[in-house]
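Colleague:
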Amino acid sequence: MASSGRSEETEVLCQHIDTVTSKMEQILLLFSPGSDFVKCFDSGEGKTWATYVQQYTNSITMKTDAPKVPSGSSMNKWLASMYPKINKIAASIKYIGQWATLSIYQLKLAIGKIIELDIRWNQNTTITLCKIFVQLVKVMLFFNQTQLLRNYALIVANAPSKEFVGISNDFPKILHLMDNCTISPFHCLAVNIEPIKGKMARLASNIGTFIAKLFGVFPLIEWEPFSIFTKRTAQPESMLPADEFIILQNISLFKETLFFFLMTFPDTTSKNECFGLIVEALLSEIPVIPITRLVSISLDDFLKLCPSDVFNKTLLNAAILQTKRKFNTSHIQRIIRVTILLEDILNICKFNISLLPPLMNFITALGGLAYYELDTCFYFKEPRNEAMHLLSVITDIAELIRLNFNYIQRFFLFNIASTDTQYLERQLSQAVVTACSTLKEVDMSKLITDILSSLLALDLEQFDKGYRYEFTPLLVTHSHYLFKFAEIKTRERVSFLDPIFEHLSVIRDHIAFATNPIQAFLNYVPLHTMWNHLTFLGTIIRGTEIQINYTPSVLKMFTFFSYDTCVLRQLGIECQNVVKKYSEIRGHLFLRITQSITQKIDSESPEVRILMQTHSFLTGMSGFKSEEFSLPKGSSKKKIVLMNADNIEKTQQIGSFFERVPQSVVLLKNPDYAAGYYANNITENLTRFMFPSDVTPSFYYMDMAFTASTTFIWPLFTALGSSFQRRLFEYRLRESSYPNQNKLDAQIQSMLGLRKEDTPINNNTLILRIERTYVEFISKKFKNCLYIPPLKGFWGLNNSKDSCQFFTLGSIEFLIRSLGINAGFRINKLLTMKCVEAISSIFRTFCDLEPQINSWYDDNRRYGNIKPEIAQNPHISVAVENMQRLGVCLALRSLLREAIKKIVDRNLPGLTTLIDAAVKRKENLDPREVLIREMLCGDTPEVPFIRTKLQTFNFKKLKKSSHFFFFFGILLLSPTFNNAKYDSAHDAIKENMHLFPNAIAAIIRCADTMFEDLADRTPSNPVYLKGIETMLSTLRSIIHFKQASNDNSAATSITVMASLFPKAIPSIPYATIDAYFPSRTVNHAHSDAAFEQANRPITQM
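Residues 433 to 1533 (the numbering used here) are what the sequence shown spells out, left to right.
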């Protein structure tokens, strides 16, 4: 196809620019290191051909005769094997070469026909030709830099025509162009497009002043006109924005146009000192020169291609050194300014969306500069919060435009059909029509009237009914008329029509937004092309330099990559890479945000430690140390203010992150619900990032962490329209439950240890950690703690504060509040099983010792003595430890039930009263009713599930139980209780001896599973009463033994402990207790203990 310089051909070439870029990208991907297209030159024949190509290249450079083409059977065979493989490369080379050839002719012809390149009335033609010129330069650089391309081009050029039908005929011309680019791409271009030099120079002078001010080391432009809050002092003469706005809208294009023009025609610089300053400013802008989306040339390599005889190399080298310095000054200052101005627009448009379309000129101008600065900044490969802040703002604006697509489309259609059309009609006055009629060539008024007639046909009502207008014919007509007008202007005086064509440029812009608002926005702010920076963005996302609240903008960018249909969609490997990078970035952001939340709610963070001081009364004031929060000496008030501001800002950043996370991302037309991903993963992994270590968090901290996390995470669920309370409830339920635990029958089976489903899927759930903590405490750690009835909990000895975090009424209440009543059920089940283990172990120990116990019992009844060797028997020590463990489990069980009842009464007042009343009206309760009473109605003396579980053991029942009660008594002889002391201030006895009555009471309630004579468990059973008397008698004998051994503390403690039996076993008559332990004896024991241990701390008992 031969180019004739028509406007239609200019538009066609411009529309093919993205396709040319795509072809270049495809070739470069095929030539990536290690690919088959590179390896094929590793063979002997391949190396021979590569040598020939190098010689051929040298001959062009040195202007010598071309070398002879390699031949021979092996070489011909190798070439023949290459032909089928390179059809795609050959077709791409032809496409790029033909486009470049046609563009050279088109630039010469088109620019030669028009009077000037003007950014106002001739804006469309100017921008189109600038795009072609810039892409042509990049093609030249591509031919120069891609050395491997010449290998394949020469294969095609020397191949038989039948091998590349329709391709090889054009290759001599293309190869000639490539040869000229090898010598000097800019010299080649200057020779071919010399006619455009003058008009391009005038364009450069028009836009160069503003660009020089903008790109100086310190930006000298006035930012006030770009603020939406600046009052306009004068009525604008045109609806087209000011030149500064137009330049900023196309700043990336104009910067490259100006830069490449000055490199192509360097004599312009030498003749005008101002252009020299512009070159310096442009060279110091960016460290590389992009050729395609993925490939760029370093500034050093680029300067080697520049005409060395014209440019001042010292000046150019200085500009390169200044690039880094300028990045930290000029670029950052521009980024900050643009961010402030765009943020004003974003905030006001979020408040009132109807302001978005009227502010589109500000958005596109500032957005064009924002894109340029972001693209440049990312090439420096340095993470900067200022740049990410700008990216966050511009992506938010782009998302706002995308989400309000229909509103913006309708606004501009209405604007075209009303204001624009009326203004155009007014401009086409009778005077203009008369003046046009005198033109020698074409009556331009009639052409403009054709456009006006088409615009008058627009009907907003039809649009609202679903009709859509196709503006392509109108745009082509406008381009044709504009080109014709620019051509006529070279021969006739028609400047009076400039305002009309300026307004047609406005209408053309409005048509773009009325057709596709987001695509029109991306024409000025091509966010969809920034996928080439994903590797860099992925790297900085993993670091901590960038504030977390700016990072969701990277996810939002992926939606706009879907609009790059001509380049990205043609690169299958890059499409896969985009999807892969999205998954990686999304995952890294999840890790970062969870780590940020973890740091804010970590138990060692200052905020949490300050909050935890509200619980410090439980462990003494030593739990909160004010000096830990004091600032270093010499800290100024300013430093304190800055520290507080920084802490508040980090907290706000977490909330801002969740507010900005996109609800959905269109990943190459496939939607991905990003906000849903974070919501699901956060609720699924709350334990992992809130309590990351395997250490069980204290219940106080757990409750506080759940409350604190709400502050950070709630905005995400608000954006999703989902109930955070519901999701948090589901999470807590999942963290505290086994499968189907909500069914009563399943709970009953679980209480009896009969459910296989009780094996958890996740071994790190909170409730499992808590259960492990309870198991450790019941197994060994209880020995370092003391149960204090008035304080309702276990408290550590030797200054240990661990127990108060888990094993007190208050801490258990926090557990139930945090994880729900199911957590209480799980703990109750654990305690029930541990009680069963302890009782069964005690009974088996008794059975093992029965012959000896019979002997000891007979001696005691005959002589009233207690043999000292009983205390040394190892079985006695085992039984004592199990009795202690049983007492501890029962005490914890009592605290747990009381905590549940308090919470139930607080949340469902009157429920437990109704259940109590219902229980009293029914004699025999079924297992479900028993479970409900046990879990909701507080502590009860009955142990139905312990007894039921013991029945499954099928113990061989013993006939008489009297010796068993004697066994209870002699356990107090154990060395464990030597020097046991009673603390009257806390009503507790060392080694938790005061829990023995409760343990004995629980065993008695299950004794029918072990003894035949206790089948009747009623209090009136004489065997039962006689057994109690046996135990009390034994205790009295032991007290005498202790007193004889001068162990008065133990004797006093056993006396106090014996006085607790009526409370633990209400069926024991007080007369029975009084017979063995008169009230005066008990009172005397209390007095002795109070006198000896008054005001003694628990830890010294």
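Just so it is clear, CB atoms sit at the ideal spot from N, CA and C, and this is done for glycine as well. Values in this document were obtained by computation on a predicted structure and should not be read as measured data.
(1) Could you please give the first and the last residue of the uninterrupted beta strand (DSSP E) stretch that includes Val1098?
(2) Express the C-alpha separation of Lys988 and Leu1021 in angstroms, rounding to a whole number.
(3) Looking at the secondary structure, which residues open and close the beta strand (DSSP E) in which Gly1225 lies?
(4) Starting from the N-terminal side, write out each stretch of the alpha helix (DSSP H) that is 4 residues or longer and does not extend beyond the region 1271-1343.
(5) Check whether the Cβ atoms of Val926 and Met876 sit closer than 8 Å, and answer yes or no.
(6) Using the three-state DSSP reduction, which class does Leu672 fall into: helix, strand or coil?
(7) Starting from Ile920, trace the alpha helix (DSSP H) in both directions and tell me its first and last residue.
(8) Could you check what DSSP says for Leu1390 in three-state terms: helix, strand or coil?
(9) Go to Asp1534, then tell me how far its beta strand (DSSP E) extends in each direction, as first and last residue.
(10) Would you report the Cα separation of Tyr1456 and Ile1486, rounded to the nearest angstrom?
(11) For Thr983, tell me which candidate among Ala1137, Leu890, Asn817, Phe992 has the shortest Cα-Cα distance.
(12) When the Cα of Arg1468 is compared with those of Pro789, Tyr1133, Leu1404, Ile1378, which residue comes out closest?
(13) In whole angstroms, give me the CA-to-CA distance for Thr1026 and Asn1113.
(14) Report yes if the C-beta distance between Gly1256 and Asn1430 is below 8 Å; otherwise report no.
(15) Taking 8 Å as the cut-off, does the region 1256-1275 touch the region 1346-1357 (at least 3 CB pairs, one atom from each stretch)?
(16) Which residue or residues does DSSP assign as beta-bridge partners of Phe1443?
(17) Is the Cβ-Cβ distance between Ala1311 and Thr1277 less than 8 Å?
(18) Among all the DSSP beta bridges, which residues are the ones paired with Gly1218?
(19) Report the option in Ile492, Ala633, Asp1445 whose CA atom is closest to the CA atom of Met695.
(20) Is it a yes or a no for the region 555-567 touching the region 460-474, going by three-plus beta-carbon pairs under 8 Å?
(21) Is it buried or exposed for Ile943, if we count other Cβ within 10 angstroms and need 16 for buried?
(22) Can you find the residues in the same chain that come closer than 6 Å, C-beta to C-beta, to Ser684, ignoring five residues on each side of it along the sequence?
(23) Go ahead and pull the three-state DSSP assignment for Gln777.
(24) Give a yes or no on contact between the region 1412-1420 and the region 1431-1438, applying the rule of three or more CB pairs nearer than 8 Å.
(25) Skipping 5 residues on each side, what residues in its chain have a beta carbon closer than 6 Å to that of Phe844?
(26) Pull up the CB-CB distance for Leu884 and Leu856, whole angstroms please, since I reckon it's below 8 Å.
(27) Count Cβ pairs between the region 948-958 and the region 785-797 that sit closer than 8 Å; are there 3 or more?
(28) Less than 8 Å between the beta carbons of Thr614 and Ile492, yes or no?
(29) With 16 other CB atoms within 10 Å as the buried threshold, where does Ser535 fall?
(30) Just to confirm, are Lys645 and Ile653 a CB contact at a threshold of 8 Å?
(31) So Val470 is in the alpha helix (DSSP H); what residue range does that whole segment cover?
(32) If Asp1445 sits next to Lys1391, beta carbons under 8 Å apart, how far is it from one beta carbon to the other, in whole angstroms?
(33) From the DSSP output, in three-state form, read off Val1093 for me.
(34) Does the beta-carbon of Met494 have 16 or more other beta-carbons within 10 angstroms, so that it is buried, or is it exposed?
(35) Taking the alpha helix (DSSP H) that Ala1359 falls in, what are its first and last residues?
(36) Have a look at Ala622, Pro651, Asp1135 and flag the residue whose alpha-carbon is nearest the alpha-carbon of Asn760.
Modeller: Considering the structure as presented:
(1) Start and end: 1097-1099.
(2) Rounded to the nearest angstrom, the two C-alpha atoms are 13 Å apart.
(3) Run containing Gly1225: 1225-1228, per the beta strand (DSSP E) assignment.
(4) Every alpha helix (DSSP H) of 4 residues or more that sits fully in the region 1271-1343 is shown, in chain order, as 1306-1339.
(5) Against a cut-off of 8 Å, the Cβ pair of Met876 and Val926 comes out as a contact.
(6) In the structure shown, Leu672 sits in coil (DSSP, three-state: anything other than H, G, I, E or B).
(7) Looking at the DSSP string, the run of the alpha helix (DSSP H) that includes Ile920 is 904-920.
(8) Look at Leu1390 here: in three-state DSSP terms it is strand.
(9) The question about residue 1534 has no answer, for the chain in this structure spans 433 to 1533.
(10) If you take the alpha carbons of Tyr1456 and Ile1486, they lie about 22 Å apart.
(11) Proximity to Thr983 across Ala1137, Leu890, Asn817, Phe992 peaks at Asn817, based on C-alpha coordinates.
(12) If you compare the alpha carbons of Pro789, Tyr1133, Leu1404, Ile1378 with that of Arg1468, the shortest gap goes to Leu1404.
(13) Each residue's Cα considered, the two are about 10 Å apart.
(14) Going by C-beta atoms, Gly1256 is not nearer than 8 Å to Asn1430.
(15) In this structure the region 1346-1357 does not lie against the region 1256-1275, because fewer than three pairs of beta carbons, one per stretch, are closer than 8 Å.
(16) Within the DSSP secondary-structure output, Phe1443 pairs in a beta bridge with Leu1390.
(17) It is a contact, given that the beta carbons lie within the stated cut-off.
(18) Correcting the residue identity first, residue 1218 is Leu in this sequence and not Gly. DSSP output for Leu1218 lists Trp1227 as bridge partner(s).
(19) For Met695, the nearest C-alpha among the options comes from Ala633.
(20) The region 555-567 and the region 460-474 do not touch, with fewer than 3 CB-CB distances between them shorter than 8 Å.
(21) Around the CB of Ile943, 16 or more other CB atoms lie within 10 Å, so the residue is classed as buried.
(22) Closer than 6 Å at the Cβ level, and outside the excluded window around Ser684, lie Tyr804.
(23) The sequence as given places Ile at residue 777; Gln does not occur at that position. Helix, per DSSP.
(24) Of all C-beta pairs linking the region 1412-1420 to the region 1431-1438, fewer than three are shorter than 8 Å, placing the two stretches out of contact.
(25) These residues qualify, in order along the chain: His942, Phe945, Ala946.
(26) The pair is a contact, with the Cβ atoms about 6 Å apart (cut-off 8 Å).
(27) Counting Cβ pairs under 8 Å, three or more are found: they touch.
(28) Yes. Within cutoff.
(29) That one is buried.
(30) When the beta-carbon positions are compared, Lys645 and Ile653 come within less than 8 Å of each other.
(31) Per DSSP, Val470 is one residue of the alpha helix (DSSP H) stretching across 468-471.
(32) Contact flag correct, Cβ pair sits at about 7 Å.
(33) Shown here, Val1093 sits in coil according to DSSP, grouped into three states, outside any helix or strand.
(34) Taking all protein chains in view, the Cβ of Met494 is surrounded by fewer than 16 other Cβ atoms within 10 Å, so the residue is classified as exposed.
(35) It should be pointed out that residue 1359 corresponds to Pro in this sequence rather than to Ala. Looking at the DSSP string, the run of the alpha helix (DSSP H) that includes Pro1359 is 1359-1368.
(36) Ranking the options by Cα distance to Asn760, first place goes to Pro651.
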